[in-house]
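Peer 1:
Chains as they are written, first to last, in the numbering used here: chain B, 4 to 310; chain X, 32 to 316.
1) Output yes if chain X places a C-beta closer than 7 angstroms to the C-beta of residue 162 of chain B; else output no.
2) To the nearest angstrom, how far is it from the Cα of residue 257 of chain X to the Cα of residue 299 of chain X?
3) Give me the Cβ distance between residue 190 of chain B and residue 146 of chain B, rounded to the nearest whole Å; I'm assuming they're in contact under 8 angstroms.
4) For residue 225 of chain B, go through chain X and note every residue whose CB falls closer than 9 angstroms to its CB, in chain order.
5) Reducing DSSP to helix, strand and coil, say where residue 141 of chain B ends up.
6) Output, in chain order, the set of chain X residues within a Cβ distance shorter than 7 angstroms of residue 275 of chain B.
7) Would residue 136 of chain B and residue 219 of chain B be called neighbours here (beta carbons separated by less than 7 angstroms)?
8) Alpha carbon to alpha carbon, how far is residue 166 of chain X from residue 51 of chain B?
9) Which residues does DSSP pair with residue 26 of chain B in a beta bridge?
10) Tell me which residues of the region 134-147 of chain X have at least one Cβ-Cβ distance to chain B shorter than 9 angstroms, keeping chain order.
11) For residue 133 of chain B, count neighbouring C-beta atoms within 10 Å of its own C-beta (all shown protein chains included) and say buried if the count is 16 or more, exposed if not.
12) Against chain X, with Cβ distances strictly below 7 angstroms, would residue 285 of chain B count as a contact?
13) Does the region 63-76 of chain B come close enough to the region 98-111 of chain B that 3 or more CB-CB pairs lie under 8 angstroms?
14) Run through chain X and tell me which residues come within less than 7 angstroms of residue 62 of chain B, C-beta to C-beta.
15) Since residue 52 of chain X meets chain B, which of its residues come closer than 7 angstroms, beta carbon to beta carbon?
16) At 3 residues or longer, what runs of the beta strand (DSSP E) sit wholly inside the region 31-114 of chain B?
17) Quick one, which residues of the region 100-124 of chain X are near chain B if we go by CB-CB under 7 angstroms, in chain order?
18) Where does residue 286 of chain B fall in DSSP's three states?
19) If you run the structure through DSSP and keep just helix, strand and coil, what is residue 15 of chain B?
20) Could you compute how far the alpha carbon of residue 306 of chain B sits from the alpha carbon of residue 19 of chain B?
21) Output, in chain order, the set of chain X residues within a Cβ distance shorter than 9 angstroms of residue 3 of chain B.
22) In terms of residues, what are the limits of the beta strand (DSSP E) holding residue 176 of chain X?
23) Using beta carbons (cut-off 7 angstroms, strictly below), is residue 71 of chain X in contact with chain B?
24) Taking C-beta pairs closer than 8 angstroms, name the residues in chain X that residue 132 of chain B reaches, listed in chain order.
25) Compute the Euclidean distance between the alpha carbons of residue 204 of chain B and residue 42 of chain B, then round it to the nearest angstrom.
26) Give the residues from the region 173-207 of chain X that approach chain B closer than 7 angstroms (Cβ to any Cβ), ordered along the chain.
27) Consider the Cβ of residue 154 of chain B: report whether some Cβ of chain A lies at a distance smaller than 7 angstroms.
28) If you draw a straight line from the alpha carbon of residue 157 of chain X to that of residue 80 of chain X, how long is it in whole angstroms?
29) Using a C-beta cutoff of 7 angstroms, does residue 102 of chain B count as contacting chain X?
30) Can you tell me where the beta strand (DSSP E) holding residue 156 of chain B begins and where it ends?
31) At which residues does the beta strand (DSSP E) containing residue 190 of chain B begin and terminate?
32) Give a yes or no on contact between the region 160-176 of chain B and the region 113-122 of chain B, applying the rule of three or more CB pairs nearer than 8 angstroms.
33) At a Cβ threshold of 7 angstroms, is residue 58 of chain B touching chain X?
34) When you check each C-beta in the region 254-269 of chain X against every C-beta of chain B, which residues fall closer than 9 angstroms?
35) Please determine, among X/251, X/283, X/215, X/234, the residue with the shortest C-alpha to C-alpha distance to residue 310 of chain X.
36) Measure how close the beta-carbons of residue 251 of chain X and residue 282 of chain X come, nearest whole angstrom, since I'm counting them as under 8 angstroms.
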């Protein structure tokens, strides 16, 4: 089984993680632009960060055979620094149009301040202008009302629900998200917030329609193997294979594939130039025929987890 | 015909209608536009034009070399051609060009960086880009490094000897190949020969393999201990390594080198009869 992790902050992760992710069958990931753990104070560090998402981190992932995509945007925390926010918004368009940028994200509310609202709306407007998808981070505190508000404002700004991924859902938010026609992503955390046992029951209750999962692994305690592990648990607990494949691969591809920047053929049959430029360690160089199909992966998660 | 005009022709004959229209519009916008028009258009290239190989014919390759001696776009892609084309037609003086290039490189993705560095030999007022080339060489991304170092006449023409030596040594260090480096033989020098031998000693001490290509840097300036190194490879090396050592010794002006080589008549005649060359050796690596 192949997996996609559509929300993971690889800049904060080591090559050990990349190795394990590749071995576990993750073929592609999406890294949203986010904050660094402590606030940036200069637009320059924002610029360099975004450059690294489309530069070094994309290259680094490729060395492990993993296709790296990203979302670009001003996150909700740093939106609160208005002077910085203004400068970042000015630079964003330069990155939005780049290859492999699948959406404006991760944007939304953190504390739900007026300033956060201002820049959420401004970026929704940008998404409309550039005809892009939106990846929404829902607040961890006061989540239910924050999620509802995120969706209402998106609709108000003229963005179509099917172009918006609402992330970090839980049992309290999912019904509304699905009812309103948005994509519902769930982040699987190891200890706090939504865990994979609960996810199994969400899958059982709601099926796989417009639902997918991610790890949001970052610089904190998190698990970059959350997606394959949850898949394993779902299978063990009797969730139909078809649903597991959709929740752990197909739906993320469908949702973000609407951007035209993320396609299954990228990893099933990489373009010659990508073979030459990025995937040297994992495919073929110097005139040999490109390898079609996935690299040998360890199917059983146990072997990866307890290796 | 100028490089820009050639690029325009090649793109025109290869692009689909909507891509061609978009490119023409982008060029129009550049005429009256500023920096941000250039930056946005350059980034949009992959979405609007794609990344298929440029796939030049032999005739087109010849035209390239005539337009700019040493220009070798044989393995360029459409997006690279289009990006460099946009840069060239934004029609500015060297100072503005450099300023914009630096801005573009500072916010580039991997594909863009490769394009910008491949375009080095075509930019106005060539010496201006030496520091930019050095940045390219400093990269951790092999593809970007090779965009500067391989099939690119710029380094051999413009880099100082120390910068050149560092580039060649890094090529070996990161497991890239030497044969696509333009001007490799012309810019051989004693310092590089010494650096290469020292690197060989490190590899021997670590019990790790050495690229046979390394000796190409040593041969023309081999003397003293370096000759002993070559002798050692000649005696104990793998088959490709022995061929490399023979080639290197054959290129040495030192009479002792000829003596060493004479002890291996088969290799010696293989070299003098051109049955083994750096090109054939490269094919085997």
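All C-beta atoms in this analysis are idealised placements derived from N, C-alpha and C, irrespective of residue type, glycine included.
Quantities reported herein were computed from a predicted structural model and do not represent experimental measurements.
Peer 2: On the basis of the supplied data:
1) no
2) 19 angstroms
3) The Cβ separation is near 12 angstroms, so there is no contact.
4) The premise fails here: residue 225 of chain B is roughly 25 angstroms from chain X at the closest Cβ pair, so nothing lies under 9 angstroms.
5) Three-state result, residue 141 of chain B: coil.
6) 84
7) no
8) 15 angstroms
9) None; residue 26 of chain B has no bridge partner.
10) 137, 138, 139, 140, 141, 142, 143, 144, 145
11) With fewer than 16 other CB atoms across the displayed protein chains lying within 10 angstroms of its CB, residue 133 of chain B is exposed.
12) Only weak support exists for where residue 285 of chain B lies, its pLDDT of 43 falling under 50; the value from the coordinates is given anyway. False, the Cβ-Cβ gap to chain X never drops below 7 angstroms.
13) Here the region 98-111 of chain B lies against the region 63-76 of chain B, with 3 or more beta-carbon pairs under 8 angstroms apart.
14) 141, 172
15) Ordered by position in chain B, no residue passes the 7 angstroms Cβ test against residue 52 of chain X, which lies about 17 angstroms from the chain.
16) 70-75, 104-111
17) 108
18) Interpretation of residue 286 of chain B is limited by its pLDDT of 38, a score under 50 that renders its predicted location unreliable; the figure taken from the coordinates is listed afterwards. Here residue 286 of chain B sits in coil by DSSP.
19) If DSSP states are grouped into helix, strand and coil, residue 15 of chain B belongs with the helices.
20) Bear in mind that a pLDDT of 44 at residue 306 of chain B, under 50, signals an unreliable position, so the model cannot answer this.
21) In the structure as shown, chain B starts at 4 and stops at 310, and residue 3 of chain B therefore has no counterpart that could be examined.
22) Careful: residue 176 of chain X lies outside any beta strand (DSSP E), inside the alpha helix (DSSP H) at 173-180.
23) yes
24) By Cβ distance, chain X contributes nothing, its closest Cβ being about 12 angstroms from residue 132 of chain B, past 8 angstroms.
25) Each residue's alpha carbon lies about 36 angstroms from the other.
26) Within the region 173-207 of chain X, the qualifying residues are 173, 174.
27) Among the protein chains of the structure shown, namely B and X, there is no chain A.
28) Counting only the Cα atoms, residue 80 of chain X lies some 28 angstroms from residue 157 of chain X.
29) yes
30) According to the DSSP assignment, residue 156 of chain B belongs to no beta strand (DSSP E) but to the alpha helix (DSSP H) extending over 146-159.
31) 186-190
32) Judged by Cβ distances under 8 angstroms, the region 160-176 of chain B makes no contact with the region 113-122 of chain B, as fewer than three pairs qualify.
33) So, interface residue.
34) Hits within the stretch: zero.
35) X/215
36) 5 angstroms
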